Amino acid sequence: MPRRAHPPIDLRSDTVTRPTRAMRRAMAAAVVGDDVFREDPTVRRLEETAATLLGKPAALFVPTGTMGNQIAVNVWTRPGQEVILDERSHILNYEMGTMAAFSGVLPRPLRAADGFPAPEDVERAFRPPVYYLVRTGLVTLENTHNMAGGTVCPPRQAEAVAAVARVRRIPTHLDGARIFNAAAALDLPAARLARPFDSVMFCLSKGLGAPIGSILAGPADFIDEALRVRKRLGGGMRQAGVIAAAGLVALRDQVDRLADDHANARRLAEGVAAIDGCAVDPARVPTNIVIFELAAAGARAATVVTRWQEAGVLALAIDDRHIRVVTHYDVDRAGIDRAVASLARIMTGVTGKGRRRRA
Ligand SMILES: Cc1ncc(COP(=O)(O)O)c(C=O)c1O
């Protein structure tokens, strides 16, 4: 096998990052205890730090974002109720139907171009308060929105959606897996984006670079119940301080550098937009996720992704025409430029086009 000059440029997701040296040091030195007995001081410190950052009374460390979201669905709802969410949301599409299987609730998907349903649409989705109609148990929003391309919810819109739910005493949950990316894009504290919602989940193991873990935050009585549901799901971990320690370093060191990932994503989008046969609007790339379209006839996403991989760049085909790439701290600007140059060569081969257009 020929030796490659560079290691692969892995743009499949921001989950592929490996722990930093500081994280590994903190993990090795972590003071631990049995967290099922709530005796792990490092876990407790992470939960307190995260609750403060999100402006919520309490927080719970959970192994994954999926578990955090599904605990929230379970605590807030009763079987037979509906959950209002966006049709491309992670909770609906990528959590294995757990909302139905574990909590017995129905999704009520709404369509929204940028991933964020308008308050009027949410309002319309509430059924009249007649005893024989299904009740809404929860409204969720996702910010940033993964499959809409890392879009950021305007804070006023999030507030308006939460307000229409509050009037009806319906709880709200934010899938804020990448809330710190949204906060960086808006230059606002994460707490401001979390404020309208009763509960919030965010991931330490995405752009923040920790190896494992997410946080679920909300009112103290909600977190008390979430602790029970976490155990029921098998998410009660023992000396989890070893991984929580990396989470604390992530919150200390990684939040301020997310803007670099956003700049790299924008640079990548500009490069891709200049390739014949690819379409993306760089002005609509606010954070670290770029979804571009193969506009050229005959170009298939799976083929392009395979060729890109052979050239040392990993990306995800999300359907026949769209490819998703995600920037993170393991990919630098030079890597982004190499990825774009290699895509331009591939597109020439695939379509006979692919030459870079003049900007
Ligand atoms: C928006 C969103 N929510 C939730 C999750 C779930 O996180 P995990 O993979 O830790 O279960 C993801 C993961 O990609 C995500 O993108």
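Residue numbers 6 to 364, in this note's numbering, belong to the letters of the sequence shown in order.
All residues carry an ideal CB built from backbone N, CA and C; glycine is no exception.
Owing to the predicted nature of the structure, the values given are computational and were not obtained by experimental measurement.
Could you please give me the residues that DSSP links to residue i through a beta bridge?
i, result
"Pro112", "Val88"
"Cys158", "For Cys158, which the question treats as bridged, DSSP gives no partner whatsoever."
"Leu146", "Leu179"
"Val206", "Position check: residue 206 holds Met in this sequence, whereas Val was assumed. Looking at the DSSP assignment, Met206 forms a beta bridge with Asp180, Leu221."
"Leu319", "Asp15"
"Thr141", "Glu87"
Could you check if residue i is buried or exposed, using at least 16 other CB atoms within 10 Å of its CB as the buried criterion?
i, result
"Val172", "exposed"
"Ala118", "exposed"
"Met101", "exposed"
"Glu87", "buried"
"Tyr334", "buried"
"Leu193", "exposed"
"Pro159", "exposed"
"Leu256", "buried"
"Met6", "Legend: pLDDT at Met6 = 48, less than 50; position of this residue unreliable, no value from coordinates given."
"Thr311", "exposed"
"Gly109", "exposed"
"Gly85", "exposed"
"Pro53", "At residue 53 the sequence reads Glu, which differs from the Pro that was named. Label assigned to Glu53: exposed."
"Ala364", "Bear in mind that the predicted position of Ala364 carries a pLDDT of just 48, short of 50, making it unreliable; the figure below should be weighed with that in mind. Exposed."
"Ala225", "exposed"
"Gln314", "exposed"
"Ala339", "exposed"
"His150", "buried"
"Val234", "buried"
"Asp229", "exposed"
"Lys61", "buried"
"Leu138", "exposed"
"Phe282", "Correcting the residue identity first, residue 282 is Gly in this sequence and not Phe. Gly282 comes out buried."
"Glu125", "exposed"
"His178", "buried"
"Val24", "The question names Val, but residue 24 is Pro in the sequence shown. Buried is the call here."
"Asp45", "buried"
State the start and end residues of the unbroken beta strand (DSSP E) segment that holds residue i.
i, result
"Ala306", "Ala306 -> not in any beta strand (DSSP E); alpha helix (DSSP H) instead, spanning 306-315."
"Ile296", "294-299"
"Met32", "Segment 26-34 is the alpha helix (DSSP H) holding Met32; no beta strand (DSSP E) there."
State the start and end residues of the unbroken alpha helix (DSSP H) segment that holds residue i.
i, result
"Gly246", "246-258"
"His327", "Where His327 is concerned, there is no enclosing alpha helix (DSSP H), although the beta strand (DSSP E) it sits in stretches over 327-331."
"Val277", "263-278"
"Val127", "124-130"
"Ala288", "From DSSP, Ala288 is part of no alpha helix (DSSP H); its letter is neither H nor E."
"Ala153", "Careful: Ala153 lies outside any alpha helix (DSSP H) and carries neither H nor E."
"Leu198", "195-199"
Between residue i and residue j, how many whole angstroms is the CB-CB distance? I'm expecting something under 8 Å.
i, j, result
"Ala284", "Ala307", "Contact flag wrong, Cβ pair sits at about 18 Å."
"Arg289", "Gly154", "7 Å"
"Ala188", "Leu51", "Incorrect: roughly 18 Å between the Cβ atoms, too far for contact."
"Ala106", "Leu221", "About 19 Å separates the two Cβ atoms, so there is no contact after all."
"Ala251", "Met32", "5 Å"
"Val309", "Ala344", "Contact flag wrong, Cβ pair sits at about 12 Å."
"Gly73", "Ser219", "5 Å"
"Pro201", "Ala163", "5 Å"
"Thr145", "Leu198", "Rounded, the Cβ-Cβ distance is 14 Å, inconsistent with contact."
"Asp266", "Gly181", "About 17 Å separates the two Cβ atoms, so there is no contact after all."
"Pro291", "Ala274", "Rounded, the Cβ-Cβ distance is 10 Å, inconsistent with contact."
"Gly142", "Arg83", "6 Å"
"Asn293", "Asp19", "6 Å"
"Val41", "Gly239", "Wrong, their Cβ atoms sit about 11 Å apart, outside the cutoff."
"Gly120", "Thr156", "5 Å"
"Leu115", "Glu147", "With a Cβ gap of about 12 Å, Leu115 and Glu147 do not count as contacting."
In the stretch 44-106, which residue ranges form an unbroken beta strand (DSSP E) of at least 3 residues, counting only runs that do not cross its ends?
Qualifying beta strand (DSSP E) stretches, in chain order: 63-67, 87-91.
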